[in-house]
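Asks:
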Amino acid sequence: MHSTFVCIQHIEDFLNVDNKVYRNRLLDGVKTFHSTGKFSLNSLVNAANLFSGQKMNVKEIQPYLESLGIELTDSESQMIQSTVPLDDEDLVYKNVLMDTLRTSRSGKVNMDKIDDAIEHLGFPLEEEEIEELSKNLPVNNERKVQMDLLLKEVDTILGEEIDYNDMDNVLKNIGLRLHLKENNVLMKGLPVDAAGKVYKHKLMDSVMSLKADGTVNVNEVMEKGSLFTGEKIDLVELDDYLENIGIKLSEDKMMKLLDKLPTDAGGKLYKKRLIKELENIQGIKISPNKVEELIKSAEINLNDKDIQTLMDHLPVDRNGKADFRVLMNEIKKITGEKIHIEDIKGILDNMGIEMTNKENKKLLKTLPISVDKTLFRKELLSGVKSFKGGKVNVHHVKNVLQKTGFKLEAKELKDLQAHLPVTEHEKVDLDVLMDAAKSFTGERVDTKDLKNVLGSMGIALTEREESRLLKSLPIAKDGTVFKKRLLDSVVSIKGKKVHSSKLPIVLKAAEFEFEKEDYDDLINHLPIDENEMVDLDVLMNEAKTFTGKRVEVDDLKNVLRKLGLVLSDKEYKDLQKALSVYAGKKIYKKRLLKFVKGLKGPRAKIKKVESLLENLGIKMKDEELEELIAQLSSDGNRTVDLTELLDAINYIKGKLQAMIGNT
30 MHSTFVCIQH IEDFLNVDNK VYRNRLLDGV KTFHSTGKFS LNSLVNAANL FSGQKMNVKE
90 IQPYLESLGI ELTDSESQMI QSTVPLDDED LVYKNVLMDT LRTSRSGKVN MDKIDDAIEH
150 LGFPLEEEEI EELSKNLPVN NERKVQMDLL LKEVDTILGE EIDYNDMDNV LKNIGLRLHL
210 KENNVLMKGL PVDAAGKVYK HKLMDSVMSL KADGTVNVNE VMEKGSLFTG EKIDLVELDD
270 YLENIGIKLS EDKMMKLLDK LPTDAGGKLY KKRLIKELEN IQGIKISPNK VEELIKSAEI
330 NLNDKDIQTL MDHLPVDRNG KADFRVLMNE IKKITGEKIH IEDIKGILDN MGIEMTNKEN
390 KKLLKTLPIS VDKTLFRKEL LSGVKSFKGG KVNVHHVKNV LQKTGFKLEA KELKDLQAHL
450 PVTEHEKVDL DVLMDAAKSF TGERVDTKDL KNVLGSMGIA LTEREESRLL KSLPIAKDGT
510 VFKKRLLDSV VSIKGKKVHS SKLPIVLKAA EFEFEKEDYD DLINHLPIDE NEMVDLDVLM
570 NEAKTFTGKR VEVDDLKNVL RKLGLVLSDK EYKDLQKALS VYAGKKIYKK RLLKFVKGLK
630 GPRAKIKKVE SLLENLGIKM KDEELEELIA QLSSDGNRTV DLTELLDAIN YIKGKLQAMI
690 GNT
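Count the sequence shown with this note's numbering and you get residues 30 to 692, in order.
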């Protein structure tokens, strides 16, 4: 007990006697003392954490907050300065300052710096959650939002704060107390803040991420819960809704349905729960022309190709109607089984895809995971095909390609493997494999007609070039070759050029998708000679910057913020001028980054260097990244010159290659 008293005495040295907010925060543990006769040392130590870390002079508060995108009026600034506890040298702990801001809910936040503001306010939000939150904020003309309104949205995402010591009651309320209170994985993984609090929604996320342990099926509990999420409809509109999705119920079936449907106090029910109950009633029919509407309404993730496959296999009766249960079963065949996120790494391992824990965590952020922490196998495989990470052993290439939907003949597979950049450990990067496999998709052409096919694109071959080309191509049993694979080989022939008038045909054959503004941009930046010819390899390399994700040019400041890029006013105006062809449109992210790299002076946020490198298509091992971060010289805002960053990367990569060459 003596050590606890000393701890309290030491902490009280930092407290202003009149500052009851912090005294109460510190002595949260007294509640425990009253009931047990003992202080909760955790509560005291966690509260003490507020009074640790960096300090700053009270006069520096306003400029410091402005650097984080937090703006206060003079009166708000005076109020904060008079509230925070200061030591004899007029210094305040930054943790205490930010806690005061959270309590007072004062000021405005600049949307261009919302990441910095949320991070320093101490909210455990992932990047994706910040982006989702940003969509719902009432932003003014200056792209600023009131702190109070921002914190309301944060509260919506995180849920209420609960005391770590009150976990018993929280878990009891969801019926899982006995099974989860002693679960070390759950309890150790909870994001507890400096005051010993945990956010309710983060707790529920942690619970839903757990696998069943044999005593309780957490998945089952959460799957039932997921039926009570999503869009609602009013009970009085049920008839209209069913008619809209092509279902007409007899009176007895409607009564049976109503008997099973729970409604809230306002007489509303969840669509997902309705769909589930419809499955349980035998003999319900649906009009095939309404299937697409049902899929959209039920929030089932099927693309146009999937829907066509579904309709091709959906049996109908003599009245042209489909059985509802049969329909839902056919949908499940397309989406595949449901997979819990804890099983994903094992499933990928069995396929032959190796991922580090860090890569697995990144993959999860890109997947459409439902509230019960599951997703369909189809969704997993679709996400894997576009993921930048993971490796595949060369002996597992065939299996990985089959599982991800690629169909290659033996000769084509052999050709693909022969062109893969394999490491000394007989592995290839997953994204490199997926990109290579794309050459074996799309339209096929007859090799007997190569001259005409290439001639239509304005590409001429000598007899010798054609002979060599035919010997190198992976020709299928029917004498055809994929057009994209053909172009890959033609591009590698030195000196091949194409006339500018033929560019649309060549780009279409390579399956590039161009809007008018994309094409105008491409033409403006291609080195076309006096004969209006351009090197084929240059064309293809430039065209590759028109792939991937698109971003809104009208939302440029927000896009740059997400990328971790900081531009001066002049640099921003120069960038806007360069992007004038895209005004009011979208631009490929790769293309945007090429323009940014061409500017003089842009800076990158240190904390976002890793994700920025991924967007730039630069791969670095963990040890290389650590060396890079250690080498970077940042300013007071923790940013680094973009050119210096790229130079440092080239140096580290070059040093590594030299070391490999000397071994």
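Backbone N, C-alpha and C define an ideal beta-carbon position, used for all residues, glycine too.
Mind checking N386: buried by the 16 CB within 10 Å criterion, or exposed?
Replies: Residue mapping note: residue 386 aligns to position 357 of the sequence shown, counting from 1. Classification for N386: exposed.
Asks: Less than 9 Å separating the beta-carbons of V638 and L654?
Replies: Looking up residue 638 in the sequence shown gives position 609. Looking up residue 654 in the sequence shown gives position 625. Yes, the Cβ-Cβ distance between V638 and L654 is below 9 Å.
Asks: When we look at the beta-carbon of V421 and count the other beta-carbons within 10 Å, is it buried (16 or more) or exposed?
Replies: The sequence position of residue 421 within the sequence shown is 392, counting from 1. Looking at its Cβ environment, which holds 16 or more other Cβ atoms inside 10 Å, V421 is buried.
Asks: By the three-class DSSP mapping on this structure, what secondary structure does Q110 have?
Replies: Residue numbering aside, residue 110 sits at position 81 when the sequence shown is read from its first letter. Here Q110 sits in helix by DSSP.
Asks: So, at 8 Å on beta carbons, what are the nonlocal neighbours of L307 in its own chain, with the 5 sequence-adjacent residues on each side left out?
Replies: Translated into the one-based positions of the sequence shown, residue 307 becomes position 278. I276, L286, I313, F353, listed in sequence order.
Asks: Excluding the 5 residues flanking G630 on each side, which residues of the same chain have their C-beta closer than 7 Å to its C-beta?
Replies: Taking the first residue of the sequence shown as 1, we reach residue 630 at position 601. The answer, listed in chain order, is S597, E600.
Asks: Leaving out five residues on either side along the sequence, give the residues of the same chain with a beta carbon under 8 Å from the beta carbon of M557.
Replies: As a first step, residue 557 is located in the sequence shown; it is residue number 528 there, counting from the start. For the record, residue 557 in the displayed sequence is Ile; it is not Met. Same-chain partners within the cutoff: S529, V563.
Asks: Under DSSP, the beta strand (DSSP E) around R131 begins and ends at which residues?
Replies: Looking up residue 131 in the sequence shown gives position 102. That residue, R131, is in no beta strand (DSSP E); its alpha helix (DSSP H) goes 123-133.
Asks: Note down, one range per segment and in chain order, each beta strand (DSSP E) of at least 3 residues found wholly within the stretch 404-459.
Replies: Counting whole runs of 3 or more residues, the stretch 404-459 contains the beta strand (DSSP E) stretches 420-422, 456-458.
Asks: Which same chain residues end up closer than 7 Å to K137 when comparing Cβ atoms and leaving out the 5 residues on each side of it in sequence?
Replies: Taking the first residue of the sequence shown as 1, we reach residue 137 at position 108. The answer, listed in chain order, is E100, K173, V174, Q175, M176.
Asks: Short check: CB of K619 to CB of T574, under 9 Å?
Replies: Here residue 619 refers to the residue found at position 590 when the sequence shown is read from its first residue. Here residue 574 refers to the residue found at position 545 when the sequence shown is read from its first residue. Yes, Cβ-Cβ distance for K619 and T574 is below 9 Å.
Asks: Can you name, in chain order, every residue of its own chain whose Cβ lies under 8 Å from the Cβ of A572, other than the five neighbours on each side?
Replies: The residue given as residue 572 occupies position 543 in the sequence shown. L536, A539, F541, L551.
Asks: Would you mind reading off the limits of the beta strand (DSSP E) that contains L180?
Replies: Position 151 of the sequence shown holds residue 180. It is not in any beta strand (DSSP E) - L180 instead sits in the alpha helix (DSSP H) that spans 176-187.
Asks: Could you tell me which of L462, I398, E441, S496 sits nearest to V426, measuring between CA atoms?
Replies: As a working mapping, residue 426 is identified with position 397 in the sequence shown. Ranking the options by Cα distance to V426, first place goes to L462.
Asks: Tell me whether L356 sits in a helix, a strand or coil according to DSSP, three-state version.
Replies: Here the question's residue 356 lines up with position 327 in the sequence shown. If DSSP states are grouped into helix, strand and coil, L356 belongs with the helices.
Asks: Is it right to say E408 is buried, meaning 16 or more other beta carbons lie within 10 angstroms of its own, or is it exposed?
Replies: Numbered from 1 along the sequence shown, position 379 holds the residue referred to as residue 408. E408 should be labelled buried.
Asks: Just to confirm the assignment, what range does the alpha helix (DSSP H) spanning L366 have?
Replies: Indexing the sequence shown from 1 puts residue 366 at position 337. In the sequence as presented, Leu is not what sits at residue 366; that position holds Glu. Per DSSP, E366 belongs to no alpha helix (DSSP H) and is neither H nor E.
Asks: What residues in its chain sit with their C-beta under 7 Å from that of G419, if we drop five residues either side in the sequence?
Replies: Sequence index remark: in the sequence shown, residue 419 carries index 390 (1-based). These residues qualify, in order along the chain: I382, E383, M384, E388, L459.
Asks: Which value, in whole angstroms, describes the spacing of the CA atoms of I678 and E656?
Replies: Here residue 678 refers to the residue found at position 649 of the sequence shown. Here residue 656 refers to the residue found at position 627 of the sequence shown. Those two C-alpha atoms are separated by around 10 Å.
Asks: Exposed or buried, E441, counting other C-beta atoms within 10 Å across all chains shown (16 or more means buried)?
Replies: Position 412 of the sequence shown, counting from 1, holds the residue named residue 441. With 16 or more other Cβ atoms within 10 Å, it is buried.
Asks: Please list, in chain order, all residues of the same chain as D475 whose beta carbon is under 7 Å from its beta carbon, the five residues on each side excluded.
Replies: Taking the sequence shown and counting its residues from 1, the one referred to as residue 475 is at position 446. Correct list, in chain order: G508, T509.
Asks: How about V588 and K634: are their beta carbons less than 9 Å apart?
Replies: In the sequence shown, the residue the question calls residue 588 occupies position 559. In the sequence shown, the residue the question calls residue 634 occupies position 605. In this structure, K634 does not lie closer than 9 Å to V588 by Cβ.
Asks: When the distance is taken between beta carbons, is K626 closer than 9 Å to V582?
Replies: To locate residue 582, count along the sequence shown from 1; it is residue 553. To locate residue 626, count along the sequence shown from 1; it is residue 597. The answer is no: Cβ separation not under 9 Å.
Asks: Rounding to the nearest angstrom, what Cα-Cα distance links K16 and A659 in this structure?
Replies: Residue numbering for the chain in the displayed model covers 30 to 692; residue 16 lies beyond these limits and cannot be assessed.
Asks: Would you kindly work out how many angstroms separate the C-alpha atoms of M140 and P397, rounded to a whole number?
Replies: Within the sequence shown, the letter at position 111 stands for residue 140. Within the sequence shown, the letter at position 368 stands for residue 397. The straight-line gap from Cα to Cα measures roughly 26 Å.
Asks: What number of angstroms, rounded off, separates the C-alpha of S501 from the C-alpha of D584?
Replies: Here residue 501 is taken as the residue at index 472 of the sequence shown, counted from 1. Here residue 584 is taken as the residue at index 555 of the sequence shown, counted from 1. Going from the Cα of S501 to the Cα of D584 covers about 47 Å.
Asks: Under a Cβ-count criterion, where at least 16 other Cβ atoms within 10 Å of its own Cβ denotes burial, should R632 be classed as buried or exposed?
Replies: Taking the first residue of the sequence shown as 1, we reach residue 632 at position 603. Looking at its Cβ environment, which holds 16 or more other Cβ atoms inside 10 Å, R632 is buried.
Asks: Return the chain-ordered ranges of every alpha helix (DSSP H) run that is complete within the stretch 583-623 and spans a minimum of 4 residues.
Replies: Counting only runs of 4 or more, we get 585-592, 598-607.
Asks: For K402, which three-state DSSP category applies?
Replies: The count along the sequence shown starts at 1 and reaches residue 402 at position 373. DSSP places K402 in coil when its eight states are reduced to three.
Asks: Would you mind sorting L568 into buried or exposed? The rule is 16 or more other CB atoms within 10 Å of its CB.
Replies: Taking the first residue of the sequence shown as 1, we reach residue 568 at position 539. By the neighbour-count rule (16 or more Cβ atoms within 10 Å), L568 is buried.
Asks: Which whole runs of the beta strand (DSSP E) in the stretch 618-667 are 3 residues long or more, in chain order?
Replies: Taking only runs of at least 3 residues, the beta strand (DSSP E) segments lying wholly in the stretch 618-667 are 632-634.
Asks: Would you give the residue range spanned by the beta strand (DSSP E) that M486 belongs to?
Replies: Here the question's residue 486 lines up with position 457 in the sequence shown. Here M486 belongs to no beta strand (DSSP E), and DSSP marks it neither H nor E.
Asks: Can you grab the Cα-Cα spacing for the pair K362 / K325, in whole Å?
Replies: The sequence position of residue 362 within the sequence shown is 333, counting from 1. The sequence position of residue 325 within the sequence shown is 296, counting from 1. If you take the alpha carbons of K362 and K325, they lie about 17 Å apart.
Asks: Enumerate in chain order the residues of its own chain whose CB-to-CB distance from L180 is below 6 Å, with the five nearest sequence positions on each side excluded.
Replies: Mapped onto the sequence shown, residue 180 falls at position 151. Excluding residues within five positions, the ones whose Cβ falls inside 6 Å are R134.
Asks: In the DSSP assignment, the beta strand (DSSP E) including L290 goes from what residue to what residue?
Replies: Against the sequence shown, residue 290 aligns to sequence position 261. Looking at the DSSP string, L290 is not in any beta strand (DSSP E), and its letter there is neither H nor E.
Asks: Please report the straight-line C-alpha distance between G349 and F543, rounded to a whole angstrom.
Replies: Mapped onto the sequence shown, residue 349 falls at position 320. Mapped onto the sequence shown, residue 543 falls at position 514. So the alpha carbons of these two residues sit roughly 41 Å apart.
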